[in-house]
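Here's the structure, in structure tokens; my notes come after.
In my numbering, the protein residues as written are -14 to 119.
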């Protein structure tokens, strides 16, 4: 008969999972798809640390914070990825237009084309309080 495997509480006390969660937020802001993948990994590690810390009756504050931060990074990454996929044609056209725009007037024309493309795709006018990209 074998004894069940006993996992020890991590000596880091949740710092590892919190570090991964912060990295997931940073990656989400820079590269949304990479942040999305890292946030899933961070959630799994944070939950594992949370369970180990609860079993050892140690403080779980950092692990709980890591779960919350990773979840926020996941939601933000999913929203940003969905936005980029939905508007991929418009954003590609804007990027190509900006590559050939040598003057301020040409850049302004590219911004106006992007705003019109967003308005056409969404079916609502561009909000007056939000400036167009320049």
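Just so it is clear, CB atoms sit at the ideal spot from N, CA and C, and this is done for glycine as well.
Checklist line | Spatially closest choice to residue 52 from 23, 16, 72, by CA coordinates | finding: 23
Margin query: Just to check my reading of the structure: residue 97 and residue 78 have Cβ atoms closer than 8 Å, yes? What is that Cβ distance to the nearest angstrom?
Written below: That belief does not hold up - the Cβ atoms of residue 97 and residue 78 are roughly 12 Å apart, past 8 Å.
Notebook entry, point to check: Can you list the alpha helix (DSSP H) stretches of 4 or more residues lying completely in the stretch 44 to 99, in chain order?
Noted result: 46 to 71, 73 to 85
Note to self: In this structure, how does DSSP classify residue 147 when only helix, strand and coil are distinguished?
What the structure shows: With the chain covering -14 to 119 only, the question about residue 147 has no answer from this structure.
Notebook entry, point to check: Does the stretch 75 to 91 come within contact of the stretch 28 to 48, defined as at least 3 CB pairs closer than 8 Å?
Noted result: no
Margin query: Helix, strand or coil for residue 117? Go by DSSP, reduced to three states.
Written below: coil
Next item on the list: Whole angstroms is fine: what's the gap from residue 6's alpha carbon to residue 54's?
Entry: 6 Å
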